[in-house]
Amino acid sequence: MEKGEDKHEEEQDQVVNPWEVTAKDGGKIDYDKLIDKFGCQRLEEPLVDRVQRLTGRPPHVFLRRGVFFAHRDFDEILNAYEKGKKFYLYTGRGPSSEALHLGHLVPFMFTKYLQDAFKVPLVIQLTDDEKCMWKNLSVEECQRLARENAKDIIACGFDITKTFIFSDFDYVGGWNNYFGNYINISPGIQVVGIFGFSGEDHIGKVGFPPIQAAPSFPSSFPHLFSGKDDLRCLIPCAIDQDPYFRMTRDVAPRLGYHKPSLIESSFFPALQGETGKMSASDPNSAIYVTDSAKVIKNKINKYAFSGGQDSVEKHRELGANLEVDIPVKYLSFFLEDDAELEHIKTEYGAGRMLTGEVKKRLADVLTEVVDRHRAARAAVTEEMVDAFMAVRPLPNMFD
Ligand code: TRP
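In terms of the numbering used here, the sequence shown opens at residue 256 and continues consecutively.
This is the structure we're talking about:
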């Protein structure tokens with residue numbers, strides 16, 4: 256049995272699963288504890304160095320600053336790659352809202368880097384069926400959202416000759432029945448243990464995990480990987496998706512496939528502080544890719560939780576508490592210049608730099624990210640969406 260959490264989440268002090276992320280008593284998510292509980296591995300420096308050596312390019316900010324902080328058998332992907340064996344990438348999105356916020360972009364920006372650095376194919380699952388079941392949205396609305404979200408995903412710069420985007424309603428046939436044969440409902444283990452489903456949940460939900468599991472196996476994409484059952488899969492995702500893939504890894508050997516490897520990120524925190532992940536349901540907790548420069552500036556000034564002191568005198572004396580400071584946290588995601596980030600941390604931490612200055616720098620950095628994204632998205636046409644989502648071979652996907 257794959258190492259991992261089998262108790263009901265209610266008994267735990269912090270809750271992290273695909274549907275809920277809540278820290279203990281309004282504190283921070285304890286990621287070390289999560290690694291222990293889930294049974295994944297910490298992504299340490301030597302592995303980051305190895306990625307740099309193998310790809311011949313500097314590791315992505317998210318990698319070198321520990322945003323992607325945990326993994327499962329990522330080293331095995333690298334071992335195989337070193338011997339000339341390529342792999343494919345698999346990631347996804349549940350299309351539950353029209354506008355994406357910055358936290359939604361994190362895994363896609365990182366996946367784009369992985370695709371470029373390793374020169375490998377990528378499949379992206381849009382789980383319109385999942386959102387239809389969990390959010391009680393109509394089928395049509397979920398399908399519409401899936402297409403809209405596909406535009407934002409394409410805007411991240413994926414290579415159309417190496418990328419297949421699919422919606423579950425369109426593409427998925429009998430996966431559920433097939434994979435589902437290997438998962439029991441029996442209490443304490445498997446579906447109930449991993450996902451915390453209870454008697455009140457409808458069977459549609461119970462049937463969903465196999466659908467998110469199946470793209471981990473090359474045989475789910477006969478137009479891409481026919482005859483390549485030995486191909487390995489690497490899944491970049493936020494750590495709340497781990498339960499799906501714990502289950503998948505359990506079953507993989509019995510189906511005759513490699514266990515998928517995972518590279519897992521922490522959550523992009525809400526403006527109000529690091530107690531959970533940015534939530535699409537509170538517009539003031541997040542910066543959206545549709546926000547204007549003015550809105551970004553206002554949200555940061557008004558809502559971004561500051562580790563600075565209450566008065567200038569006190570701040571000059573004590574400095575900012577960088578541990579809880581959201582502007583610094585956000586800069587560590589999106590300010591690429593390592594030297595500047597260090598400078599800000601030193602000066603702000605010592606009280607020589609004030610919160611207002613840090614917030615101003617953050618507003619500029621985020622405005623640039625958002626403007627770049629908006630321009631790229633505006634250039635994505637309906638035809639491009641169709642092209643990315645067409646079931647087609649990708650002849651040069653490993654070049
Ligand atoms: N369930 C994910 C969500 O709600 C979407 C998803 C499907 C996914 N397959 C994935 C995310 C693989 C990461 C990796 O966002």
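Using N, Cα and C, we set each Cβ at its ideal position, and we do this for glycine too.
With a cutoff of 8 Å on beta-carbon distance, D484 and G511 are scored as near each other. G347 and L609 have their C-alpha atoms roughly 39 Å apart. Per DSSP, S587 lies in no beta strand (DSSP E) segment; the continuous alpha helix (DSSP H) that holds it begins and ends at 581-589.
Of all alpha-carbon atoms in A469, L298, E529, the one lying nearest the alpha-carbon of D280 is that of E529.
Along the length of the region 268-313, whole beta strand (DSSP E) runs at least 3 residues long occupy 270-272, 275-277, reported in chain order.
In the three-state scheme derived from DSSP, where H, G and I count as helix and E and B as strand, G347 is classed as strand. In the DSSP annotation of this structure, the continuous segment of the alpha helix (DSSP H) that includes R399 starts and ends at 394-409.
For E275, the shortest separation between its Cβ and any heavy atom of ligand 1 does not lie below 7 Å. In this structure, G604 keeps its C-beta atom at 8 Å or more from the C-beta atom of V579. The region 582-596 and the region 324-340 do not touch, with fewer than 3 CB-CB distances between them shorter than 8 Å. Spanning the alpha carbons of P515 and S471 requires a straight line of approximately 6 Å.
For L318, the enclosing alpha helix (DSSP H) begins and ends at 316-319.
Closer than 7 Å to some heavy atom of ligand 1: that describes the Cβ of R348. Looking at the backbone, the Cα of V461 and that of E519 are separated by about 24 Å. The straight-line gap separating the alpha-carbon atoms of V306 and T277 is approximately 32 Å.
In the structure shown, R501 falls within a helical segment according to DSSP collapsed to helix, strand and coil. In terms of side-chain proximity, the C-beta atom of I490 is found nearer than 7 Å to a non-hydrogen atom of ligand 1.
A straight line joining the alpha-carbon of P465 with that of K390 spans about 19 Å. Taking 8 Å as the cut-off, the Cβ atoms of V624 and F589 count as close.
Relative to ligand 1, T366 has its C-beta separated by 7 Å or more from all heavy atoms.
In chain order, L381, D383, K386, C397, L400, A401, N404 place their CB closer than 7 Å to the CB of P350, counting only its own chain and leaving out the 5 sequence neighbours on each side. Q380 has G347, F421 as its beta-bridge partners, per DSSP.
When F342, F373, K406 are compared, the shortest CA-CA separation from E637 is found for K406.
The DSSP-derived three-state label of A507 is helix. When secondary structure is reduced to three states using DSSP, Y558 falls in the helix class. In chain order, E331, I332, A335, K340, F342, Y343, H513, P515, S516 place their CB closer than 8 Å to the CB of R487, counting only its own chain and leaving out the 5 sequence neighbours on each side.
When rounded, the separation of the alpha-carbon atoms in C295 and E568 is 45 Å. By DSSP's assignment, E519 forms a beta bridge with A325, C492. Straight across, the Cα-Cα distance linking C492 with F434 is about 21 Å.
Selection G311, D291, F293, V270 evaluated against G282 yields V270 as nearest (Cα-Cα). Around the beta carbon of P582, 16 or more other beta carbons lie within 10 angstroms, which makes this residue buried.
Take the alpha-carbon of H628 and the one of M364: they are about 11 Å apart. Here the alpha carbons of M639 and K288 stand approximately 43 Å from one another. Closest in alpha carbon position to I458, among V446, L617, A468, is V446. Between S521 and I555, the gap from beta carbon to beta carbon reaches 8 Å or more.
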